[in-house]
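The sequence shown runs 5 to 626 under our numbering.
Encoded as structure tokens, the structure appears first; notes follow it.
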Amino acid sequence: MSYGERSKQPYMGTEATGAPKMKQSRSQLWNDICEPPKHAHNLMPTRITYKHVTPGGSESRHIQVEERLAARPPRPRDGEQRVWFDEDRHKIEPRSPSTTKFDAICNPGHTKDIAVQLHFEVYDDLDDELEVFNRLVRRGEFGNAKAFFDEHLLAHISSPWVFVQYAEMLLEMGDYNSILQLDPESVFRSLQLGHKSEDFEAMKKLETNWRLLKASCLCRSQHQLQPVLDEVCPPKEIIPVSEKLGSTEVRIICLAMNLVYLTDRANVRTAAFPSHLARWGNWGKVYEELQAQGRIWDFRDLFTTSCVCFGIESAEEQFFQSGTASERLVEDWKSLGGDDESTMLALLDIFSTMALLDINHVKGGLLAEKYLFMATTVAGTIVQEMPHCSKSRPFLRFIISESCISLRRGRKGQMAFEYLVGFPGLPVFPLDIGTPYYIPVHQENPGWEPPHLPEGSFEPLEMVLRASRELKDYKTQTLCLRELAVRSRKPAGFLKELAWLQREMQQDMEGYLTTCLSRYLVEREIDSQAQLLRDLNNFGQWQDPANLVSPRKACARDIIQLALSPPHPNRFPQSVKAGLRHYEWVPQSLQRFIGQHVGRSPARPLRGVRHVAKDAMSKVLS
């Protein structure tokens, strides 16, 4: 739905008719038009059209009024005349302002003249401004996008369409703090009051879009599950997915998928969403429609989200019915004249994102290599033909993916932390770029021991980090800092900056918790361990383990918290026992780890809970 779709004006048409059988007096004619019939007080005028009438060869005009049932009985009219004649103006008393939609003035001396005063709602045409704003967002130029919004669109933020697009930009850049400060009450007040208009359905979709945006933000900014579920829409509002989707509907689907993935459990509010991508809709038809309309960025949102939530191979099969998605994408969009900047950046973003998603896969990252090859081809075209895009977010993400995959070819990057498997605790490795962490059994600490790397391996990431700071792109900054920490033998500085960015700038408390968990391997001194313990304590007490967004990380927090605590007569002899209260809510791999050391056998899944084991190596994936 574009902003202009809501500015349609009423239709005022004309039609010719035959002459009437009897010619009424002009005064009687206007009275018949403007006064409701005495025998039909339950009818009211709805639309006005003009008729040409030729009584006795002379041309005159009258107005036809269509009627519909009135919502309530008419009020007494108290004799007010809405149409008056010039020769009678000296007889008419001064009138109070009319509450009708029009006033008509007729001069009998000029039979062809009629003046109609109509009042229409006026909307600002913001299509051009919104297009510029969205172009800046697609490039990842969030600082410029916010400045442009403040200058050209801030005055219109009470418009639901403008409000939601601004919130989407904040989510895309990773500024969860600013999203929480937005006030939707005035924007969606008419919906809350039950007022219906011609735009009611469109406004309902925008409100659903906003609520899912807020829920996605709450998944990152705090740890309680219930506030997230309070914003989730019923599955029947989304599924089955229509083959003809508007951009707002695309965003709603992507946000819903991501929420189900983040909560990773069969909660009463998320269980009804299908666990298989094929059951959501006919994605092949959806792709054909988006391609026919040239909407590559909407496709990018759907495809990359599907890959994150359901796996790359499943998404490729559903959208393309083949295993050659990368080649087909280039052919399909280039055949539509896809050498323009927007298309090339979208393709580069898709390929780079796919490469990063598969970067630490246990199968060796074959998909990552395939998508990186396609990204390299597109990046070469951009460098030659669009050099001004070399500092855009898609290009910066390509540099990150190229650097990370080339490093991992020699198994010198993330996989170097496999030494953690030799310790009694449970190592936790992410599939994409992220810092590993270790859940101890007692108080053992394997330390942070990545291999020595040449200084040159840091330069591409440091360059991207500087560029992303200029763009105000928080998500790319965190990506760089996590990878720099993984490569460094002294990661404390990178982790400190990462923690500050997540806690103070983004309010990404879920990401900040992961950073604190990783610090357990880094902090070996008494003072630094004491500071880490204080930071973990500051997350507060989570009274209800069933009401947490990420039970896995909450369980790891409690175990590490106990491992760092000073000796106490009442403390558990094994730190891992602190995870018992989360036992029923964590994945089976973590259940097996706890049961192995505490002596508790894995429980049957409880009603309303889904246990997810994501790898064959018995490792919990963050």
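Cβ atoms here follow ideal geometry from the backbone N, Cα and C, with glycine treated the same way.
Touch test, the segment 127 to 140 against the segment 461 to 481, Cβ-Cβ under 8 Å, three pairs minimum: no
Residue nearest to residue 2 in terms of C-alpha spacing, selected from 361, 349 and 514: Given that the chain is displayed from residue 5 to residue 626, the structure contains no residue 2 and the question cannot be resolved.
Among 448, 254, 500 and 217, nearest to residue 569 - alpha-carbon criterion: Residue 569 sits at position 565 when you count from the first residue of the sequence shown. Residue 448 is the option with its Cα nearest to residue 569.
Backbone CA spacing between residue 134 and residue 166 [nearest angstrom]: Taking the first residue of the sequence shown as position 1, residue 134 is located at position 130. Taking the first residue of the sequence shown as position 1, residue 166 is located at position 162. Residue 134 and residue 166: Cα-Cα distance of roughly 8 Å.
4-residue-minimum alpha helix (DSSP H) runs that sit fully inside the segment 317 to 363, ordered along the chain: 329 to 338 and 345 to 361
Start-to-end residues for the beta strand (DSSP E) that takes in residue 443: Against the sequence shown, residue 443 aligns to sequence position 439. In the DSSP assignment, residue 443 falls within the unbroken beta strand (DSSP E) covering 441 to 443.
Through-space distance from residue 210 to residue 252, alpha-carbon basis: In the sequence shown, residue 252 corresponds to position 248, counting from 1. In the sequence shown, residue 210 corresponds to position 206, counting from 1. Going from the Cα of residue 252 to the Cα of residue 210 covers about 7 Å.
As assigned by DSSP and simplified to three states, the class of residue 398: Reading the sequence shown from its first residue, position 394 is the one you call residue 398. Here residue 398 carries a helix assignment [DSSP, helix/strand/coil].
7 Å CB neighbourhood of residue 219 in its chain, flanking five on each side removed: Mapped onto the sequence shown, residue 219 falls at position 215. The answer, listed in chain order, is 232, 235, 236 and 263.
Own chain residues within Cβ distance below 8 Å of residue 513, not counting five before or after: To locate residue 513, count along the sequence shown from 1; it is residue 509. Same-chain partners within the cutoff: 224, 225, 226, 227, 506, 507 and 543.
Residue 229 - DSSP class collapsed to helix/strand/coil: Translated into positions along the sequence shown, residue 229 becomes position 225. Three-state DSSP puts residue 229 in coil, outside helix and strand.
Integer-rounded CB distance, given that residue 329 should sit under 8 Å from residue 441: The residue you call residue 441 lines up with position 437 of the sequence shown. The residue you call residue 329 lines up with position 325 of the sequence shown. With a Cβ gap of about 33 Å, residue 441 and residue 329 do not count as contacting.
Collapsed DSSP secondary structure at residue 425 in the structure displayed: In the sequence shown, residue 425 corresponds to position 421, counting from 1. Of the three classes helix, strand and coil, the one that applies to residue 425 here is helix, per DSSP.
Within 8 Å, strictly: CB atoms of residue 464 and residue 403: For the purposes of this step, residue 464 is taken as the residue at position 460 of the sequence shown. For the purposes of this step, residue 403 is taken as the residue at position 399 of the sequence shown. Taking 8 Å as the Cβ cut-off, residue 464 and residue 403 qualify as a contacting pair.
Beta-carbon proximity of residue 479 to residue 178, cut-off 8 Å: The count along the sequence shown starts at 1 and reaches residue 479 at position 475. The count along the sequence shown starts at 1 and reaches residue 178 at position 174. Yes, these two residues count as a Cβ contact at 8 Å.
Residue 526 versus residue 452 - alpha carbon distance: Numbered from its first residue, the sequence shown carries residue 526 at position 522. Numbered from its first residue, the sequence shown carries residue 452 at position 448. Taking the straight line from one Cα to the other gives about 6 Å.
Limits of the beta strand (DSSP E) - the one that residue 505 falls within: Counting from 1 along the sequence shown, the entry for residue 505 is found at position 501. Neither: residue 505 is in no beta strand (DSSP E) and is coded neither H nor E.
8 Å Cβ cutoff met for residue 405 and residue 359: Here residue 405 refers to the residue found at position 401 when the sequence shown is read from its first residue. Here residue 359 refers to the residue found at position 355 when the sequence shown is read from its first residue. Taking 8 Å as the Cβ cut-off, residue 405 and residue 359 qualify as a contacting pair.
Integer-rounded CB distance, given that residue 434 should sit under 8 Å from residue 425: Translated into positions along the sequence shown, residue 425 becomes position 421. Translated into positions along the sequence shown, residue 434 becomes position 430. So it is not a contact: roughly 15 Å between Cβ atoms.
Proximal residues to residue 92 (C-beta, below 8 Å), its chain only, five neighbours per side dropped: For this step, residue 92 is matched to residue 88 along the sequence shown. Residue confidence is low: residue 92 scores 47 on pLDDT, short of 50, so the model does not pin down where it sits. No coordinate-derived value is stated.
Nonlocal neighbours in the same chain, by C-beta distance under 8 Å from residue 305, ignoring five residues either side: Stepping through the sequence shown from its first residue, residue 305 is reached at position 301. Around residue 305: 254, 255 and 258.
Contiguous alpha helix (DSSP H) assignments of at least 4 residues, all confined to the segment 522 to 563: For the segment 522 to 563, whole alpha helix (DSSP H) runs of length 4 or above, ordered along the chain, are 530 to 541.
Rounded separation between residue 383 and residue 352 - CA only: Translated into the one-based positions of the sequence shown, residue 383 becomes position 379. Translated into the one-based positions of the sequence shown, residue 352 becomes position 348. The C-alpha of residue 352 is placed about 7 Å away from the C-alpha of residue 383.
Residue nearest to residue 627 in terms of C-alpha spacing, selected from 163, 287 and 521: Only positions 5 to 626 of the chain appear in this structure, which leaves residue 627 out of reach.
Residue nearest to residue 486 in terms of C-alpha spacing, selected from 444, 438, 411 and 174: By 1-based counting over the sequence shown, the position of residue 486 is 482. Of the listed residues, the one whose Cα sits closest to residue 486 is 438.
Own chain, CB closer than 7 Å to residue 583, minus 5 neighbours either side, in chain order: As a working note, residue 583 is residue 579 in the sequence shown. Here the set comprises 559, 562, 563 and 598.
Helix, strand or coil at residue 93 [DSSP, three-state]: As a first step, residue 93 must be located in the sequence shown, where it is residue number 89. Low local confidence applies: a pLDDT of 45 at residue 93 is under 50, so the model's placement there is unreliable, and no value is given.
Identity of the residue in 454, 392, 363 and 391 nearest residue 420 by Cα: On the sequence shown, residue 420 is found 416 positions in, with the first residue counted as 1. Closest by alpha carbon: 454.
Burial state of residue 429, where buried means 16 or more other Cβ atoms lie within 10 Å: Numbered from 1 along the sequence shown, position 425 holds the residue referred to as residue 429. Answer is buried; the Cβ neighbour count reaches 16.
Local Cβ density within 10 Å of residue 303, reported as buried at 16 or more and exposed below that: The residue labelled residue 303 in the question sits at position 299 within the sequence shown. It is buried - the Cβ of residue 303 has at least 16 other Cβ atoms within 10 Å.
Selected residue, minimal CA-CA separation from residue 238, among 260, 499, 475 and 516: Indexing the sequence shown from 1 puts residue 238 at position 234. It is 260 whose Cα lies nearest to the Cα of residue 238.
Pair within 8 Å by beta-carbon distance, residue 229 and residue 183: On the sequence shown, residue 229 is found 225 positions in, with the first residue counted as 1. On the sequence shown, residue 183 is found 179 positions in, with the first residue counted as 1. Against a cut-off of 8 Å, the Cβ pair of residue 183 and residue 229 comes out as no contact.
Buried or exposed (CB count within 10 angstroms, at least 16 for buried), residue 387: As a first step, residue 387 is located in the sequence shown; it is residue number 383 there, counting from the start. So residue 387 counts as exposed.
Residue 257 - DSSP class collapsed to helix/strand/coil: Within the sequence shown, residue 257 is the residue found at index 253, counting from 1. In the structure shown, residue 257 sits in a helix (DSSP, three-state: H, G or I).
Rounded Cβ spacing between residue 214 and residue 245 (contact assumed at less than 8 Å): Indexing the sequence shown from 1 puts residue 214 at position 210. Indexing the sequence shown from 1 puts residue 245 at position 241. In fact, because the Cβ distance is near 20 Å, the residues do not count as touching under 8 Å.
Check whether residue 170 and residue 153 have beta carbons under 8 Å apart: Numbered from its first residue, the sequence shown carries residue 170 at position 166. Numbered from its first residue, the sequence shown carries residue 153 at position 149. Closer than 8 Å, so yes.
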